[in-house]
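Below: one structure, written as structure tokens.
Number of protein chains: 2
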Amino acid sequence: MAKSKPVKAKPALKWQRDPEGMRIRILEAAKQEFAAHGLAGARVDRIAVNAGANKRMLYYHVGNKEDLYLAVLEAAYDKIRSEERGLDLEHLDPPEAIERLIDFTWNYFLRNPEFLALLNTENLAKARHLKRSTKVKSMHSPFVEMIRTVVIRGVESGDFRVAVDPVQLYISIAGLCFFYLSNSATLSVIFGRDLLKKEARDERLAHMVALVLAALTGKSTADFGKAKVPGARAAAHQPV
Amino acid sequence: MAKSKPVKAKPALKWQRDPEGMRIRILEAAKQEFAAHGLAGARVDRIAVNAGANKRMLYYHVGNKEDLYLAVLEAAYDKIRSEERGLDLEHLDPPEAIERLIDFTWNYFLRNPEFLALLNTENLAKARHLKRSTKVKSMHSPFVEMIRTVVIRGVESGDFRVAVDPVQLYISIAGLCFFYLSNSATLSVIFGRDLLKKEARDERLAHMVALVLAALTGKSTADFGKAKVPGARAAAHQPV
DNA sequence: GGAGAAATTAACCCGTTGGATAAATACTGG
DNA sequence: CCAGTATTTATCCAACGGGTTAATTTCTCC
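Protein sequences appear in the order of chains D and W. For reference, each letter of the first sequence is one residue, going 58 to 297 in the numbering used here. For reference, each letter of the second sequence is one residue, going 58 to 297 in the numbering used here.
Pasting the structure below:
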């Protein structure tokens, strides 16, 4: 029934040509390449190969190297904004909401290391491309407003002692997560230990949540110091 | 008197040759170049020109591009470590010491934006060069130990409620400062305002100090939220 | 004041790389 | 089944950029 034209729903047979798929593969390959090598270090030919395509295809489907880079950057912002909108903090009580926020940010960065690298690359370029992107400029993070209402609720309920500027808090939470992960390579060398192994990551997340919540609530809920001794309340002196 | 050989104290007349000076100029130019364009984006010829030298000189005095880069990186670490050691926190009471620490970190990053860029570049390279540098690996930051003793003193004196892992706190303080400054270009575009102008910088520093001290002491001393209303205690609702 | 070493300059080499051209192949609608 | 269009492939190329070679100049020290 209704066979008419094989629109493009299920390609049943493997396509010989697949413009949309090709574009996606190109952008994915480009993301990896730019994230791994930066703008200047990225190689157009490598992107082509990794996209299973010909170099000419990049120019046909997206544009030159910079167009490619901007498309990747815009897609990256689009993705995180989209996931951010999915976070529902309304029905959580304020401290839980903040914890949820930190947890999301941390795990998003952990799951998307390319995003961190792309941001660094763009900042090296002094946001030259972002400035020209009306698309990204119109994509506001819902987090600032979310934080604003959570903080207000927290102060009203007595959970939080003080009102914080939501933008500052947003940047602080992002910064706590971002720096650790983005600089894990150099920090791991400096400290002589792997900051990305499971225990270290868990310890870091616990620390960040404890730090921010302690600041907001005035109560030191979670283990703020070494997460080494599970269940143990932080003691005055740490053995090490 | 004592004219013997014009050693090299005061070059009275301008020198025709100046190996030490040349090396310094090369490293300075290289630092600027790598900081501005990253490793792959840096141009050896530009470094030469900006050093007031010939390209061949780079190879003569330092080595190839990667040698140059590593020399710059090592010098950068050496510089910050040196300044860190100059910070005396012993005689300050714990909260002041922490504030001093944040203040130093913030201002060092502000005064040395190239350092931030270099770290990002090195992390893009997964710390490939740092790993090979025994020099840098031996340069431990005195801050971790400083923080450890300050925290212990703070807990003993009752100023601080909980013991924090000094490494975590060190990373948190660095992260709060680093992220804001390193990503100021993209963040400024996203938020549609200049995060580097004086008021914004002051507000940020106040926020960071308040955040960390509130977490440690349990008391919300400084203005934690908007620094907009000087003197005013943070109110439940912010007008904006 | 001259030989030898140190520092500096000028010119060239050659693989790489972003981008362009043109031809071929697959798809579409009629 | 055919013309026209969309997609893909196969080459090519000029500029760039790191690195090298060799000649030149300046300093040192006897």
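In this text, a Cβ means the ideal position worked out from N, Cα and C, and glycines have one as well.
Beta-carbon separation (whole angstroms), residue i vs residue j, contact threshold 8 Å
i        : j        : result
W:Tyr126 : W:Leu96  : 6 Å
D:Phe172 : D:Val129 : Actually they do not touch by this definition, with Cβ atoms about 10 Å apart.
W:Arg138 : W:Met196 : 5 Å
W:Val101 : W:Leu115 : 6 Å
D:Gly232 : W:Tyr165 : That belief does not hold up - the Cβ atoms of D:Gly232 and W:Tyr165 are roughly 16 Å apart, past 8 Å.
D:Ser241 : D:Leu252 : 5 Å
W:Ser277 : D:Gly275 : 7 Å
D:Ala272 : W:Ala272 : 4 Å
Of the residues the options, the one placed nearest residue i, counting alpha carbons only
i        : options                                : result
W:Arg258 : D:Glu213, D:Asp102, D:Ile228           : D:Ile228
D:Leu270 : D:Phe217, D:Phe235, D:Glu85, D:Val193  : D:Phe217
D:Ser239 : W:Asn121, W:Leu84, W:Glu77, W:Lys183   : W:Lys183
W:Leu176 : W:Ala267, W:Ile83, W:Ala133            : W:Ala133
D:Lys192 : D:Lys136, D:Ala174, D:Arg82            : D:Lys136
W:Met265 : W:Arg185, W:Leu158, W:Val208, W:Arg210 : W:Leu158
W:Val208 : W:Ala174, W:Leu149, W:Glu260           : W:Leu149
D:Gly120 : D:Gly98, D:Gln73, D:Ala87              : D:Ala87
Partner residues on chain W for residue i, Cβ-Cβ distance less than 8 Å
i        : result
D:Gln243 : Just to set this straight, residue 243 of chain D is Thr in the shown sequence, not Gln. Correct list: Leu176, Glu179, Asn180, Ala184, Leu187.
D:Val101 : Residues of chain W passing the Cβ test: none, with the nearest at roughly 13 Å.
D:Tyr237 : Ile228, Gly232
Neighbour list for residue i in chain W, Cβ cutoff strictly below 7 Å
i        : result
D:Lys194 : Val246
D:Glu126 : First, the residue type needs correcting, since residue 126 of chain D is Tyr and not Glu in the sequence shown. Under the 7 Å cutoff, chain W gives no residues; its nearest Cβ is about 13 Å from D:Tyr126.
D:Ile204 : Ordered by position in chain W, no residue passes the 7 Å Cβ test against D:Ile204, which lies about 11 Å from the chain.
D:Val306 : Residue coverage of chain D in this structure runs from 58 to 297, which leaves residue 306 of chain D outside it and unanswerable.
D:Asn240 : Leu176, Asn180
Residue i to residue j span [Cα, whole Å]
i        : j        : result
D:His294 : W:Ala220 : In this prediction, D:His294 has a pLDDT of 32, which is less than 50 and means its spatial position is unreliable; nothing more can be read from the coordinates.
W:Arg80  : W:Gln89  : 14 Å
D:Leu181 : W:Ile247 : 16 Å
W:Cys234 : D:Asp124 : 32 Å
D:Glu153 : D:Trp163 : 15 Å
D:Thr206 : D:Thr178 : 33 Å
D:Lys255 : W:Arg250 : 38 Å
D:Ile230 : W:Val224 : 18 Å
D:Pro170 : D:Ala93  : 10 Å
W:Pro296 : D:Glu147 : Low confidence applies to W:Pro296: its pLDDT is 29, below 50, so where it sits in the model is not reliable, and the reading given next is rough at best. Cα to Cα, the separation comes out at about 21 Å.
D:Arg210 : W:Ser190 : 51 Å
W:Thr243 : W:Pro151 : 35 Å
D:Glu131 : D:Lys194 : 10 Å
D:Ala267 : D:Asn107 : 42 Å
D:Pro76  : W:Arg185 : 38 Å
D:Val212 : W:Arg261 : 21 Å
D:Gly98  : D:Arg113 : 19 Å
D:Asp222 : W:Asp222 : 27 Å
W:Val201 : D:Ser245 : 14 Å
D:Lys122 : W:Lys122 : 24 Å
D:Gly78  : W:Arg168 : 47 Å
D:Gln73  : W:Ala174 : 45 Å
W:Arg103 : D:Arg103 : 27 Å
Closer than 9 Å at the beta carbon, the chain W residues around residue i
i        : result
D:Tyr117 : Per Cβ cutoff of 9 Å: no residues; D:Tyr117 is ~26 Å from chain W at best.
Short Cβ contact (8 Å threshold) for residue i with residue j
i        : j        : result
W:Phe161 : W:Leu187 : no
W:Glu156 : W:Ser198 : no
D:Ala110 : D:Arg82  : yes
Neighbouring residues, chain D, relative to residue i (Cβ below 7 Å)
i        : result
W:Leu144 : Within 7 Å Cβ-Cβ: nothing; W:Leu144 doesn't reach chain D, min ~18 Å.
W:Arg218 : Ser277
W:Leu268 : Ser229, Ala272
W:Arg258 : Ordered by position in chain D, no residue passes the 7 Å Cβ test against W:Arg258, which lies about 12 Å from the chain.
Per-residue contacts from residue i into chain D (C-beta, under 9 Å)
i        : result
W:Ala97  : His94, Gly95, Leu96, Ala97, Gly98, Ala99
W:His264 : Val221, Asp222, Gln225, Leu226, Ile228, Ser229
Distance cut-off 7 Å: residue i Cβ against heavy atoms of the ligand NAD
i        : result
D:Leu173 : Looking at this structure, you won't find the ligand NAD or any other ligand, since it has none at all.
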